[in-house]
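In what follows, a single structure is set out as structure tokens and then discussed.
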Amino acid sequence: DGGITQSPKYLFRKEGQNVTLSCEQNLNHDAMYWYRQDPGQGLRLIYYSQIVNDFQKGDIAEGYSVSREKKESFPLTVTSAQKNPTAFYLCASSMVGVSYNEQFFGPGTRLTVL
Amino acid sequence: GQQLNQSPQSMFIQEGEDVSMNCTSSSIFNTWLWYKQDPGEGPVLLIALYKAGELTSNGRLTAQFGITRKDSFLNISASIPSDVGIYFCAGPRDTSGTYKYIFGTGTRLKVLA
Chain A
654 DGGITQSPKY LFRKEGQNVT LSCEQNLNHD AMYWYRQDPG QGLRLIYYSQ IVNDFQKGDI
714 AEGYSVSREK KESFPLTVTS AQKNPTAFYL CASSMVGVSY NEQFFGPGTR LTVL
Chain B
919 GQQLNQSPQS MFIQEGEDVS MNCTSSSIFN TWLWYKQDPG EGPVLLIALY KAGELTSNGR
979 LTAQFGITRK DSFLNISASI PSDVGIYFCA GPRDTSGTYK YIFGTGTRLK VLA
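As they're listed, the protein sequences go chains A and B. Using the numbering used here, the first residue of the first sequence is number 654, and each one after it goes up by one. Using the numbering used here, the first residue of the second sequence is number 919, and each one after it goes up by one.
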């Protein structure tokens, strides 16, 4: 089945540690996105990538880094510089260059910093 | 910057009742997306709208693209307990082709059996 997978589902980290969240898609989508969701709030864009080896900062990129070495994969690293990393992280993907470019989401990773 | 306002923020309804929610933008959109998110899961796309005035249904769900292009509406008919969740609207940030979307803060729906 085509879709987006994120792993792990739950992640615990000690303060001061970097952690990498995985996102893989087999939808053959060119664009991929990372969002952060806090309780009672909407989705905020962290980073996005429209093509392999290229990515752009979103609204809240500070303390995060990404890479896009393969079309299918867009891992997100939460660095120790992120002041308040505990949140629900969502990865999404979409087509590019077409009229209909709905974004599809993965199941999310809940990160808790201890 | 662009903002999306969803209302109501939350609602409690009885099973079998119809539900209406809306989303308004500070600027014109050419696309509206409606998503549902279950607790602890990623949002699932319900309906996509691409034309002003468009009315689209998906089972018991019906969404409309407002004629002013600054609003959209989602209706759920004959609600059932599994309709509980958070409903988000989304629209494109700009027309530059970057495909970034802005999301509303959500309408939290609770259905009382």
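Note that CB positions come from ideal geometry on N, CA and C, so glycine has one too.
In its chain, beyond the 5 residues on either side, S747 have a beta carbon closer than 7 Å to the beta carbon of E755 of chain A. At a C-beta separation below 8 Å, Y1005 of chain B has no neighbours in chain A, since its nearest C-beta there lies roughly 11 Å away. Exposed is the label assigned to V962 of chain B, since fewer than 16 other Cβ atoms lie within 10 Å of its Cβ. Of all residues in the segment 951-977 of chain B, only L951, Y953, G958, E959, G960, P961, V962, L963, A966, Y968 come within less than 8 Å of chain A when Cβ atoms are compared, listed by chain position. In the three-state reduction of the DSSP assignment, S718 of chain A falls in the strand class, which pools E and B. A straight line joining the alpha-carbon of Q678 of chain A with that of N706 of chain A spans about 16 Å. Taking a C-beta distance under 8 Å as the contact criterion, S990 of chain B and A981 of chain B qualify as a contact pair. In this structure Y1005 of chain B is buried. Its beta-carbon is surrounded by 16 or more other beta-carbon atoms within 10 angstroms. Per the C-alpha coordinates, the member of B:D936, B:E972, B:T942, B:I998 positioned closest to G1024 of chain B is B:T942.
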